[in-house]
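Below is one structure, written out as structure tokens; the observations come after it.
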Amino acid sequence: MKTNIKYLVGMLFTLLTYVACEKDSTDSEITSADVDAVKTIVIDGVWKVTYYFDDKDETSDFSSFSFDFKADGVLMAESNDSAISGSWSIDVDSDSSSDDSSNDSDVDFDIFLGNSPILEELNEDWDIVKYSDTKIELKDVSGGDGSIDYLTFEKVL
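When we follow the working numbering, the leftmost residue of the sequence shown carries the number 515, and every step to the right adds one.
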């Protein structure tokens with residue numbers, strides 16, 4: 515009987531380990547090994563901002579926009595009445611100071627959408643917090659006051 519329980523517990527642990535489909539930096543840091551995976555995910559489809567927090571929830575400012583991350587680094591932000599071209603990249607910055615001093619490299623999700631009054635809020639070198647095939651959660655720690663901004667993109671299905 516004990517052998518069966520140990521076997522079942524071992525199988526359950528193995529199953530749970532392999533079923534996980536998200537990478538979450540609260541469990542382990544996003545590293546350079548994740549860069550290619552995130553790039554592949556982000557260029558596959560059109561994305562919407564489903565959460566933006568900068569001292570308060572400002573998600574509604576981006577509700578009319580869709581975002582298309584092109585493989586060549588071009589970022590298209592389109593709304594009902596405008597299309598804005600910018601750029602994006604995901605890079606490993608080994609000199610960056612992360613909010614986790616034990617991490618010797620920092621993966622930056624860089625977004626630049628020019629000086630558009632609304633979209634310039636997204637111009638940052640964001641840290642990847644969590645990602646899956648349909649959702650990418652980002653954060654940015656302000657160099658000025660240490661406040662944290664949050665940005666979440668979800669794939670339009």
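Backbone N, C-alpha and C fix where the C-beta goes; we use that ideal spot for every residue, glycine too.
Identity of the residues DSSP links to residue i by a beta bridge
i	result
Asp624	Ser603, Asp639
Asp582	Met590
Asp571	Phe567
7 Å Cβ shell around residue i - same chain, five flanking residues per side excluded
i	result
Lys537	A caution first: Lys537 carries a pLDDT of 49, below 50, which makes its placement in the model unreliable, though a value can still be read off. Counting only Cβ-Cβ distances below 7 Å, and skipping sequence neighbours, we find Ile544, Asp548, Lys644, Tyr645.
Close-in-space but distant-in-sequence residues of the same chain around residue i (CB under 6 Å, 5 per side omitted)
i	result
Ile632	Asp575
Ser616	Residue placement at Ser616 is poorly supported in this model, since its pLDDT is 40, which falls under 50; the coordinates are not used for a value here.
Val552	Ile604, Tyr645
Minimum C-alpha distance to residue i - residue among the options
i	options	result
Lys669	Asp641, Leu652, Ser580, Lys553	Ser580
Val560	Ala585, Leu636, Ser656, Ile642	Ala585
Trp640	Asp647, Thr648, Lys649, Asp654	Asp654
Ile642	Gly657, Glu592, Leu665	Leu665
Leu636	Asp550, Phe567, Ser593	Phe567
Contact belief for residue i with residue j at Cβ below 8 Å, rounded distance in angstroms
i	j	result
Ser630	Ile598	5 Å
Is there contact between the region 571 to 588 and the region 641 to 661, where contact requires at least three CB pairs shorter than 8 Å? Judged by Cβ distances under 8 Å, the region 571 to 588 makes no contact with the region 641 to 661, as fewer than three pairs qualify.
Does the region 619 to 627 come close enough to the region 592 to 610 to have 3 or more Cβ pairs within less than 8 Å? The answer is yes - the region 592 to 610 touches the region 619 to 627, with three or more Cβ pairs under 8 Å.
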